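For the sequence shown, our numbering assigns the number 1098 to the initial residue and increments by one for each residue that follows.
Even glycine gets a Cβ: it sits at the ideal position worked out from N, Cα and C.
Because the structure is a prediction, the values reported are computed rather than measured.
Report on the structure given below.
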Amino acid sequence: MERIAEDQISRLVSFVYARILDADSLQEEERRTVTALRLVADKQVAAVRYFRASPSGSAAVAEHANASWNLLVSIARIWRDHSSFPIDAAMETFEFDAESPLLPTR
């Protein structure tokens, strides 16, 4: 998380929130879907902000912050084809192993 700047966080959060529709204007299933997406985004944004502000530099705090950020980046990638997708802000905080690309390196 150290390599992720506050500006990157703000841009990615703004981008995600701007894409999530207002649930009040939707009907039943669409409303539930949008509400769930908003809830997941809210939780990840809150977790990133909390862990960034945490005075503890422990590995567990860093791991939680990275996981929250990576999930927020994954949510943003729903709209990766959007013209204002913040590609420079949407960088993940772990690298992938070339032999097992679905698993982060340790």
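Here the C-alpha atom of A1156 lies approximately 12 angstroms from the C-alpha atom of A1164. In the DSSP assignment, Q1124 falls outside any alpha helix (DSSP H) and carries neither an H nor an E.
In the DSSP assignment, F1112 falls within the unbroken alpha helix (DSSP H) covering E1103 to R1116.
The continuous alpha helix (DSSP H) containing E1160 extends over residues A1156 to A1173.
Counting the other Cβ atoms within 10 Å of the Cβ of A1102 gives fewer than 16, which makes it exposed. Just so you know, the alpha carbons of D1185 and A1150 end up roughly 22 angstroms apart. Closest option to V1142, judged by alpha-carbon separation, among S1171, V1110 and R1128: V1110. Distances from the alpha-carbon of V1170 to those of F1148, V1137 and S1153 put V1137 closest.
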